[in-house]
Structure formats: structure tokens, C-alpha cells
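J.: Counting from 1 along the sequence shown, just add 2 to a position and that's the residue number in my numbering.
For every residue, glycine included, the Cβ atom is placed at its ideal position computed from N, Cα and C.
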Amino acid sequence: MTRTSGDRHEGDIAFDAYAKAANPRAYWIFEVYQDEDGFQVHLNVPYGGIFNAALGPLIEEDASVLTFLDPLA
Numbered sequence: 003m004t005r006t007s008g009d010r011h012e013g014d015i016a017f018d019a020y021a022k023a024a025n026p027r028a029y030w031i032f033e034v035y036q037d038e039d040g041f042q043v044h045l046n047v048p049y050g051g052i053f054n055a056a057l058g059p060l061i062e063e064d065a066s067v068l069t070f071l072d073p074l075a
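Spelled out as C-alpha cells, the structure:
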């Protein structure tokens with residue numbers, strides 16, 4: 003699942019969802035934001051709650067695991 007440009011909001015560079023080939027119930031969502039402000043906009047979009055409510059029952063762990071990365075130069 004990849005969002006189309008019409009689904010994107012200010013500061014949103016990428017939002018792609020994947021499932022592991024060996025375990026289709028293991029999800030990985032790759033998100034990239036222009037900066038911290040773009041991430042904060044993402045946290046407050048109205049459709050975020052709808053997405054998280056639908057995703058919640060699919061998560062088998064206690065919660066989502068966030069990993070923050072820095073791009074290589």
C-alpha cells in the first residue's frame with residue numbers, strides 16, 4: 003500500500019506499508035517526513051485515527067515499535 007499524492011499532507015515524503023514475505027501478518031510501515039514539523043502534521047491529520055484504529059487489531063505485539071533514522075549523506 004502506497005499513498006497517492008492526493009493522500010499526502012504537507013511535510014510527508016513517503017508512507018509505504020509492507021508485509022514480510024515469510025510472515026504476512028508482520029507489518030512494516032516506512033514513513034519519511036521533511037522535518038519534525040511534517041511529522042507533527044502527520045500525527046494530527048484526521049484520517050490518522052481511522053488508520054490507527056484499523057491497524058490496531060492487526061498488531062500482535064503490545065504496540066507499534068517506532069525507529070527513528072537519520073539519512074546517510
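Give the straight-line distance between the Cα atoms of Val67 and Ala75, rounded to the nearest whole angstrom.
T.: Rounded to whole angstroms, Val67 to Ala75 spans 25 Å at the Cα level.
J.: Closest by CA to Pro26, which one among Glu62, Asp72, Pro73 and Val34?
T.: Per the Cα distances, Glu62.
J.: Where do the N-terminal and C-terminal ends of the alpha helix (DSSP H) with His11 fall, by residue?
T.: Here His11 belongs to no alpha helix (DSSP H), and DSSP marks it neither H nor E.
J.: When we look at the beta-carbon of Tyr1 and count the other beta-carbons within 10 Å, is it buried (16 or more) or exposed?
T.: A question about residue 1 goes unanswered here, because the residues of the chain that appear run from 3 up to 75.
J.: Expressed to the nearest angstrom, what Euclidean distance is found between the alpha-carbon atoms of Asp18 and Phe32?
T.: Approximately 5 Å between the Cα atoms of the pair.
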